[in-house]
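Okay, so the sequence shown: first residue is 1 according to the UniProt record's numbering, each after it adds one.
Notes follow once the structure below has been shown.
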Amino acid sequence: NIGDKAAALLAEHFGSMDALRNAAAEDISSIDGFGGVMAQSVVEFFAKDGTADLLHRLADAGVNMQWHGEKKGTALAGMTIVVTGTLPTLSRQEAEAMIVQNGGKASGSVSKKTAYVLAGAAAGSKLTKAQTLGIPVIDEAEFLRMVAPRPGRTAGTGRRNLINQ
């Protein structure tokens, strides 16, 4: 029982249904966001009677069993970023998608674990809390510089549908 975000992480990490089906719980739990319980649940799903038959029927019906999305970038790897206020050119959803596509985590609340607050016009209590906690505040221009492609680092720009490409 995993959600869309976890499924997307598995698809990106393993690249194919066959690779995921053959993965050990330790391999799955090494993915950021997966613990032992969730990893074991995935392994148990593939071990159930009927799962292999179901996967064969899905493949025969034309369901794509390979991941064809873009690889995540690494510019924001391991960083938690909060978006607040109105940005000049990006919507909140676009900014949050760029954070995730560049290896970061988009959060809705400021905490000590927050690496940056991306602030636009009319930023409110999140900006105040970031300043109180001493968390760096960046604007859209700085954010775009951070995620720009550089030698030795990949930049993620978007996500494609994982099924029926």
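Note that CB positions come from ideal geometry on N, CA and C, so glycine has one too.
So if DSSP puts S16 in a beta bridge, which residue, or which two residues, is it bridged to? Its beta-bridge partners are Q66.
Residues in the same chain with beta-carbon distance under 6 Å from T80, minus the five sequence neighbours each way, listed in chain order, please. These residues qualify, in order along the chain: K105, S107, K113, T114, A115.
With H, G and I counted as helix, E and B as strand and the rest as coil, what does DSSP make of K48? In the structure shown, the three-state DSSP call for K48 is coil.
Once DSSP output is grouped into helix, strand and coil, what is the label at S107? DSSP places S107 within a strand segment (E or B) once states are collapsed to three.
Are three or more beta carbon pairs between the segment 83 to 95 and the segment 130 to 147 nearer than 8 Å? The segment 83 to 95 is in contact with the segment 130 to 147.
Kindly indicate the opening and closing residues of the beta strand (DSSP E) around T89. Neither: T89 is in no beta strand (DSSP E) and is coded neither H nor E.
Among residues of its own chain, excluding the 5 on either side of S16, which ones have a beta-carbon nearer than 8 Å to its beta-carbon? Same-chain partners within the cutoff: M65, Q66, W67.
Straight-line CA distance for A39 to V137? The alpha-carbon atoms of A39 and V137 are separated by roughly 35 Å.
Would you kindly report the start and end of the unbroken alpha helix (DSSP H) that includes I28? Element bounds for I28: 25 to 29.
Which of the three DSSP states is assigned to A75 in this structure? DSSP places A75 in coil when its eight states are reduced to three.
Cα separation between A75 and V42? Take the alpha-carbon of A75 and the one of V42: they are about 29 Å apart.
Which of the three DSSP states, helix, strand or coil, is assigned to A119? Here A119 carries a strand assignment [DSSP, helix/strand/coil].
For a quick check, are the C-beta atoms of L9 and I31 less than 8 Å apart? Contact flag set, yes.
6 Å Cβ shell around G120 - same chain, five flanking residues per side excluded: If we look at G120 and ignore the five residues flanking it on each side, its Cβ neighbours are G85, T86, L87.
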